[in-house]
Amino acid sequence: MVHLRYKGGTLNIASCNLEHRNHKLFSGNEVISVRSFSFTDDIDFLMAKVVMEHNPFCTWNSEKEWLSLVEDLQSRDHRMKTVTIRVVKKRIRFLIDRYMANSNGKPPLSDDEMGIILYELAKAKQDAIDNIPKQPIKKRGRGRPRKREREETDEDDEEIEDSHLDFDDSPNFSPGSGSPDKHKIKRSVSVVSSSGKDISMFLRYMERKDEDDRKLRQREIDLRRDELELHKKELELQKEKFEFDRLERQAHLDLLKMQLEILAGPKSRQMMSE
Numbered sequence: 001m002v003h004l005r006y007k008g009g010t011l012n013i014a015s016c017n018l019e020h021r022n023h024k025l026f027s028g029n030e031v032i033s034v035r036s037f038s039f040t041d042d043i044d045f046l047m048a049k050v051v052m053e054h055n056p057f058c059t060w061n062s063e064k065e066w067l068s069l070v071e072d073l074q075s076r077d078h079r080m081k082t083v084t085i086r087v088v089k090k091r092i093r094f095l096i097d098r099y100m101a102n103s104n105g106k107p108p109l110s111d112d113e114m115g116i117i118l119y120e121l122a123k124a125k126q127d128a129i130d131n132i133p134k135q136p137i138k139k140r141g142r143g144r145p146r147k148r149e150r151e152e153t154d155e156d157d158e159e160i161e162d163s164h165l166d167f168d169d170s171p172n173f174s175p176g177s178g179s180p181d182k183h184k185i186k187r188s189v190s191v192v193s194s195s196g197k198d199i200s201m202f203l204r205y206m207e208r209k210d211e212d213d214r215k216l217r218q219r220e221i222d223l224r225r226d227e228l229e230l231h232k233k234e235l236e237l238q239k240e241k242f243e244f245d246r247l248e249r250q251a252h253l254d255l256l257k258m259q260l261e262i263l264a265g266p267k268s269r270q271m272m273s274e
């Protein structure tokens, strides 16, 4: 692949013999663009529609669903034969954020098909963030049954203590034999493994939550900046209007002065004397 770049109004080859990570290699005599399409309304609608059909947000194996989604897009439209998962994710995220910012999170109208799709995708994305999809537990086939530890009761504790005392009284007793430490080690290993999974899931959830909060704050800052810019433009328009009104009043005043001078001229004084 080659990297093309416009410079000084002409198209130049910036670098050659590149390998694109997201695209397979093409034959040397075939000229193809990495992104052979532009983001138009019909392309955006097709992307949103296919994403809505697959809905990769509600499945635990989302990457596999995104891959099949991209293959579906490539088969539906010849212009999207080079589209990638990254492009689709970024475009759908942009469309959802733009729609939610413009609509303030309100439901769309019944005739707004694109708005309905984006609103449903936004809800599905938020549900996936709030409720992380879990991988389904595979059922074990027929075979050797899994050993499960029996829950200990007070009677078991008494038996362990009695056996420990009996071994202690026996002449062949050796330290460590008949000790309940082995049972404690097994329980501690299972507890540590389950707690480690819970901690890792909680950390991933907190990372996603922090990222979403950061994006939300950045969006609020951008909206505030746009609001200040609009307010600034409004003040400039008011200033221009005030200046225009002042010039209009000045012109009207000059016109009145000219009329008074004409009336107070020599001819008018002569007419008044006669």
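According to the UniProt record's numbering, the residues represented by the sequence shown are 1 to 274, in order.
Ideal Cβ positions, reconstructed from N, Cα and C, are used throughout, including at glycine.
Comparing C-alpha distances from ARG91 to each of ARG217, LEU216 and ASP41 shows the shortest one belongs to ASP41. Rounded to whole angstroms, SER62 and PRO56 show a C-alpha spacing of 5 angstroms.
Burial check for ALA251: the Cβ neighbour count within 10 Å stays below 16, so the residue is exposed. About 4 angstroms separates the beta carbons of TYR99 and LEU118, which is inside the 8 angstroms limit, making them a contact pair. According to the DSSP assignment, LYS90 belongs to the alpha helix (DSSP H) that extends over 85–103.
LEU69: member of the alpha helix (DSSP H) spanning 62–76, first to last residue. Secondary structure note for LYS7: it is in no alpha helix (DSSP H), and the uninterrupted beta strand (DSSP E) holding it is 3–7.
Of the residues assessed, ALA48 falls on the buried side of the cut-off, its CB having 16 or more other CB atoms within 10 angstroms. Contact between ILE96 and ALA122 holds, with the beta-carbon distance rounding to 5 angstroms and staying under 8 angstroms. Where ASP42 is concerned, the enclosing alpha helix (DSSP H) starts and stops at 41–54.
Taking the CA atoms as reference points, GLY115 sits about 14 angstroms from ARG93. The three-state secondary structure of ALA251, taken from DSSP, is helix. Per DSSP, reduced to three states, the secondary structure at ALA14 is strand.
Membership of LYS81 in any alpha helix (DSSP H) is not indicated, and neither H nor E is assigned to it by DSSP.
Counting the other Cβ atoms within 10 Å of the Cβ of LEU73 gives 16 or more, which makes it buried. In this structure, the beta-carbon distance from ARG76 to LEU46 falls below 8 angstroms.
Around PHE39, the same chain offers ARG91 as residues with beta carbons nearer than 7 angstroms, after the five sequence neighbours per side are excluded.
In the DSSP assignment, ASP127 falls within the unbroken alpha helix (DSSP H) covering 113–130.
Between ALA124 and LEU223, the gap from beta carbon to beta carbon reaches 8 angstroms or more. One thing to note: MET52 has its Cβ no nearer than 8 angstroms to the Cβ of GLU113. If you draw a straight line from the Cα of LEU67 to the Cα of MET201, it is about 24 angstroms long. The C-alpha of GLY196 lies about 37 angstroms from the C-alpha of GLU71.
Straight across, the Cα-Cα distance linking VAL50 with ARG204 is about 28 angstroms.
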